[in-house]
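1 is the number of the first residue of the sequence shown in full-length UniProt numbering; add one for each residue after it. Glycine included, C-beta positions come from ideal geometry on N, C-alpha and C.
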Amino acid sequence: MAGSSGFKVVSYNILGHHSWYWDDSWPAKMADFPWVQRLQVLEHELSALDADVVCCQEVTQDMFASLNARLAARGYIGLHALRHLPEWTYDERWESSQLGIAIFVWHSKFEVVEASHRFARDLLQEDERQRPDTHNLSMRLLARPDSVMICRLRLKQRGSPPKDLLIACAHAVWWYTDDPQYPISCKPVQIMLMLRAIDDFARSRGLDTRRVVLCGDFNTLSCSGSSSSKYDDVAGYELLTTGLLATGHPEHPAQHGWALFDLKAPFCMQSAYVVKLGREPSFTSRTSTFTATMDYIFVGDAIEVVDVLPLPEECPPCPNKDHPSDHLPIGANLRMKPWV
Numbered sequence: 001m002a003g004s005s006g007f008k009v010v011s012y013n014i015l016g017h018h019s020w021y022w023d024d025s026w027p028a029k030m031a032d033f034p035w036v037q038r039l040q041v042l043e044h045e046l047s048a049l050d051a052d053v054v055c056c057q058e059v060t061q062d063m064f065a066s067l068n069a070r071l072a073a074r075g076y077i078g079l080h081a082l083r084h085l086p087e088w089t090y091d092e093r094w095e096s097s098q099l100g101i102a103i104f105v106w107h108s109k110f111e112v113v114e115a116s117h118r119f120a121r122d123l124l125q126e127d128e129r130q131r132p133d134t135h136n137l138s139m140r141l142l143a144r145p146d147s148v149m150i151c152r153l154r155l156k157q158r159g160s161p162p163k164d165l166l167i168a169c170a171h172a173v174w175w176y177t178d179d180p181q182y183p184i185s186c187k188p189v190q191i192m193l194m195l196r197a198i199d200d201f202a203r204s205r206g207l208d209t210r211r212v213v214l215c216g217d218f219n220t221l222s223c224s225g226s227s228s229s230k231y232d233d234v235a236g237y238e239l240l241t242t243g244l245l246a247t248g249h250p251e252h253p254a255q256h257g258w259a260l261f262d263l264k265a266p267f268c269m270q271s272a273y274v275v276k277l278g279r280e281p282s283f284t285s286r287t288s289t290f291t292a293t294m295d296y297i298f299v300g301d302a303i304e305v306v307d308v309l310p311l312p313e314e315c316p317p318c319p320n321k322d323h324p325s326d327h328l329p330i331g332a333n334l335r336m337k338p339w340v
């Protein structure tokens, strides 16, 4: 864990333990990696990372139950939410197949004040729904369960007034193609809506969005060259870091039949790795068919980046016997700026 005034955050897509989420083209097959074995490796990894807050994506109910039990023994409080829309009929099989997001908080460092789980689609405004929409992109977006969990934490410091910050964990849609069935332009809209959810939570409680740390697998790239489609797939990253995506951008919905205006985020953020290293890691996901950076830790202006977790420049395709996911964990040591 970080020192008394600082805190360490890790973000990790741990790969859902269900055949739906293991690509058939991978040489690694889920049958060769039983969950008990993966769980042991995950626990060892997370123990070595020694974080105060761990944000995880692709966590089923069954995965959370076993991982939470092990982390609770190490002093963590676990929060979990399934990406399960209210109108869906419940099926007990979803406990092993339906993905969710989770936040684990080391309770010696932070008090968990409150938490909220919001589906991105619920922040879409009525006037945006009513805009001309040739391919019904808005309807496809409204059917998606992608979401963000927001957790209000209070830093425990003796002799100092309480300091609150928001930790958010998100997982955005994976679409990389321009097929109307899988529209790439929905992704930046979804990311904008997740930022709206965080802003709404903060404003309703009188909290400062400069004290936000947003972690997750955003399935968006920071630069061209890694996308598996004819598009660069940078729109979501640009919106997060600049606060704006103009209608002329090739990945803006207006270029794909949904006549929205410029996409504007309620606030923008900085990548912890860019702040400290001047660039993103070479990759955060490495499989036999795909290598790219799409996992990020974004920070508000009131958060100082002390250092970041080093990532390798090369590694064998994942998952493998030594690494239980197709993603690598990323991390940052952070500190709240005293003058903000």
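Residues bridged to residue i (per DSSP)
{"i": "Glu111", "result": "Arg154"}
{"i": "Arg203", "result": "Paired residues: none, contrary to the question."}
{"i": "Val299", "result": "Val213, Gln270"}
{"i": "Asn13", "result": "Gln57"}
{"i": "Arg335", "result": "Gly6, Glu304"}
{"i": "Thr291", "result": "Arg286"}
{"i": "Tyr76", "result": "Trp106"}
{"i": "Leu244", "result": "Lys264"}
{"i": "Arg118", "result": "Val148"}
{"i": "Ala81", "result": "Ile101"}
{"i": "Thr133", "result": "The residue you asked about is not Thr; residue 133 is Asp in the sequence shown. Beta-bridge pairing links Asp133 to Trp258."}
Straight-line gap, residue i to residue j (C-alpha atoms, nearest Å)
{"i": "Glu114", "j": "Pro329", "result": "25 angstroms"}
{"i": "Gly331", "j": "Glu126", "result": "37 angstroms"}
{"i": "Val148", "j": "Ser66", "result": "22 angstroms"}
{"i": "Leu165", "j": "Cys151", "result": "8 angstroms"}
{"i": "Thr134", "j": "Asp122", "result": "21 angstroms"}
{"i": "Ser229", "j": "Ile184", "result": "9 angstroms"}
{"i": "Thr209", "j": "Asp91", "result": "37 angstroms"}
{"i": "Glu314", "j": "Glu87", "result": "44 angstroms"}
{"i": "Ala52", "j": "Tyr176", "result": "One point to set straight first is that residue 52 is Asp, not Ala, in the sequence displayed. The alpha-carbon atoms of Asp52 and Tyr176 are separated by roughly 33 angstroms."}
{"i": "Asn219", "j": "Met294", "result": "5 angstroms"}
{"i": "Ala172", "j": "Glu238", "result": "15 angstroms"}
Residue span of the alpha helix (DSSP H) that contains residue i, given as start and end
{"i": "Arg259", "result": "The sequence shown places Ala at residue 259, not Arg. Counting along the chain, Ala259 falls outside any alpha helix (DSSP H), and DSSP gives it neither H nor E."}
{"i": "Leu46", "result": "35-49"}
C-beta neighbour in chain D for residue i, strict 8 angstroms
{"i": "Ile103", "result": "Checking the listed chains, one finds no chain D in this structure; it contains a single protein chain."}
Validate contact between the segment 156-166 and the segment 123-133 using beta carbons, cut 8 angstroms, 3 pairs: no
Ranges of the beta strand (DSSP E) found wholly within the segment 136-194, counting only runs of at least 3: 147-155, 163-171
In chain order, each beta strand (DSSP E) run of at least 3 residues that lies wholly inside the segment 305-332: none
contact_flag[the segment 315-325, the segment 222-242] where n(CB pairs < 8 angstroms) is 3 or more: no
The segment 256-263 in contact with the segment 206-214 per 3-pair CB rule at 8 angstroms: no
Three or more C-beta pairs below 8 angstroms linking the segment 277-284 and the segment 177-195: no
Cβ pair count under 8 angstroms reaching 3, the segment 264-278 against the segment 288-299: yes
At least three beta-carbon pairs within less than 8 angstroms, the segment 73-83 to the segment 57-65: yes
contact_flag[the segment 246-259, the segment 304-314] where n(CB pairs < 8 angstroms) is 3 or more: no
Three-pair Cβ contact test at 8 angstroms for the segment 39-57 versus the segment 8-28: yes
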